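Colleague: Handing you this structure, nothing more for now.
Numbering (the working numbering), first residue to last: 4 to 409.
Written as structure tokens, this is what we have:
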């Protein structure tokens, strides 16, 4: 099968779509990815790409078609320009560069913005190719939740855009069962909505990893690792307030933050301002392949999201990776993210913004014997295999592709 994937983000940016495309190639499909220039989450085009863009036109058997775009930069206006530029560029330049190609199906990956589907709809008009849309973030709710858009009138207009997009897709996949009402609100034919969760990439299934020296050296503290985007949605103010409580109590624990993002400079300044250098360590951005070693070096893994109705419906992608890595999990998330951790019996949960309980949970978990921590990690692996099995999920996706094209 010839598959066109439309994604504003792709390798060397770390997203689940990279793993999916590589697996589809292994299964014998011909995959072409229409994408932009790598600049997430730092907001600047990666220097390694700028130095040699020709080295980033193929990825594990996938052909990459990269189109010009405006980098994310800083601020809401620049972000909107980034979103808009990709739509225009992918629709015009992308469709032109793909004009001689035939595709059986178009798959769209959307961890925001929802507008990423517009080039696929444009190409559908030309090539009559069915469109499958994998919704990772609900719009316009996500924009309201992170404060990018506050005007009810503008949010209503974006809702109409979402309606336009959903009703021109042939299949809509939601990453959480709780997404169903949010998608159905804008979709005339609810029969085309399916549940399709994220999974953990194979790299997190490795049995042996080398510990990260900087983390492993802290033998007398309980090590809590956060991996991922350092952004508005992750509620770092609440994480730092939890760190302040731990500091006041003299708790022997430390947060390690692996990642990069729009709030990184703010976070650096707040750590210094709060005198939290001994309780919060920033380790920067690292490639996906090195993440298992970071996970293995930690005692527990942390997932957080701001308090918002839309975020309460979301299971952060990192949760599946954490589970597959077989480590105890701590959350500060209301709704689905904490629900799956509680259901799996693999960690301690707190609602979004509840930094007091997060601090209590960290202290309680740090006092568990090694055998109890291992049980939590083993429970995480068992649940991940049952609910988020990579092979079964991609089998299902393939079946949906064949149904649309038969």
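For each residue, glycine too, the CB sits at the ideal point set by N, CA and C.
These numbers were taken from a predicted model, which means no experiment stands behind them.
Kindly give me the distance between the Cβ atoms of residue 52 and residue 62, rounded to whole angstroms, as I take these residues to be in contact under 8 Å.
Modeller: Contact doesn't hold; Cβ gap of about 12 Å is too wide.
Colleague: Is the separation between the beta-carbon of residue 168 and that of residue 124 shorter than 8 Å?
Modeller: Closer than 8 Å, so yes.
Colleague: Since residue 135 and residue 107 are thought to touch, with beta carbons under 8 Å apart, how far apart are those beta carbons, to the nearest angstrom?
Modeller: Not really, about 11 Å apart at Cβ, beyond 8 Å.
Colleague: Could you tell me the alpha carbon to alpha carbon distance between residue 190 and residue 184, rounded to whole angstroms?
Modeller: Those two C-alpha atoms are separated by around 10 Å.
Colleague: Tell me which same chain residues have a C-beta within less than 8 Å of the C-beta of residue 391, skipping the five on either side of it?
Modeller: Answer for residue 391: 200, 201, 202, 203, 323, 326 and 327, listed in chain order.
Colleague: Could you pull out every residue in the same chain whose Cβ sits closer than 7 Å to the Cβ of residue 379, ignoring the five residues on either side in sequence?
Modeller: Within the same chain, residue 379 has close Cβ partners 331, 349 and 350.
Colleague: According to the neighbour-count rule (16 or more other Cβ atoms, all chains shown, within 10 Å of its Cβ), is residue 404 buried or exposed?
Modeller: Residue 404 comes out buried.
Colleague: Specify the secondary structure class of residue 166 as computed by DSSP and reduced to three states.
Modeller: Note: residue 166 maps to helix in three-state DSSP.
Colleague: Just mark residue 159 as buried or exposed, buried being the case when its beta carbon has 16 or more other beta carbons within 10 Å.
Modeller: Classification of residue 159: exposed, given that the 10 Å Cβ count is below 16.
Colleague: Taking three-plus beta-carbon pairs below 8 Å as touching, is the region 225-242 in contact with the region 261-278?
Modeller: Yes, the region 225-242 touches the region 261-278.
Colleague: To the nearest angstrom, report how far apart residue 141 and residue 82 are at their CA atoms.
Modeller: In a straight line, the C-alpha of residue 141 is about 17 Å away from that of residue 82.
Colleague: Roughly how many angstroms lie between the CA atoms of residue 365 and residue 105, to the nearest whole one?
Modeller: If you take the alpha carbons of residue 365 and residue 105, they lie about 53 Å apart.
Colleague: Considering only residues of the same chain and omitting the five flanking positions on each side of residue 367, which have a CB-CB separation below 8 Å?
Modeller: Closer than 8 Å at Cβ, skipping near neighbours: 351.
Colleague: Who are residue 135's beta bridge partners in DSSP?
Modeller: Beta-bridge pairing links residue 135 to 110 and 174.
Colleague: From what residue to what residue does the beta strand (DSSP E) around residue 227 run?
Modeller: Note, residue 227: beta strand (DSSP E), 225-230.
Colleague: In chain order, which continuous runs of the alpha helix (DSSP H) of length 4 or greater are located wholly inside the region 68-119?
Modeller: DSSP runs (the alpha helix (DSSP H)) wholly in the region 68-119: 79-92.
Colleague: Out of 261, 303, 279 and 307, state which residue places its alpha-carbon closest to the alpha-carbon of residue 286.
Modeller: Nearest of 261, 303, 279 and 307 to residue 286, Cα basis: 261.
Colleague: Which value, in whole angstroms, describes the spacing of the CA atoms of residue 224 and residue 237?
Modeller: Answer to the nearest angstrom: the Cα atoms are 24 Å apart.
Colleague: Taking the alpha-carbon of residue 128 as reference, which of 137, 139, 102 and 117 has the nearest alpha-carbon?
Modeller: When each option's Cα is compared against that of residue 128, the closest is 102.
Colleague: Are the beta-carbon atoms belonging to residue 196 and residue 296 less than 8 Å from one another?
Modeller: No; because the gap between Cβ atoms is not below 8 Å, this pair is not in contact.
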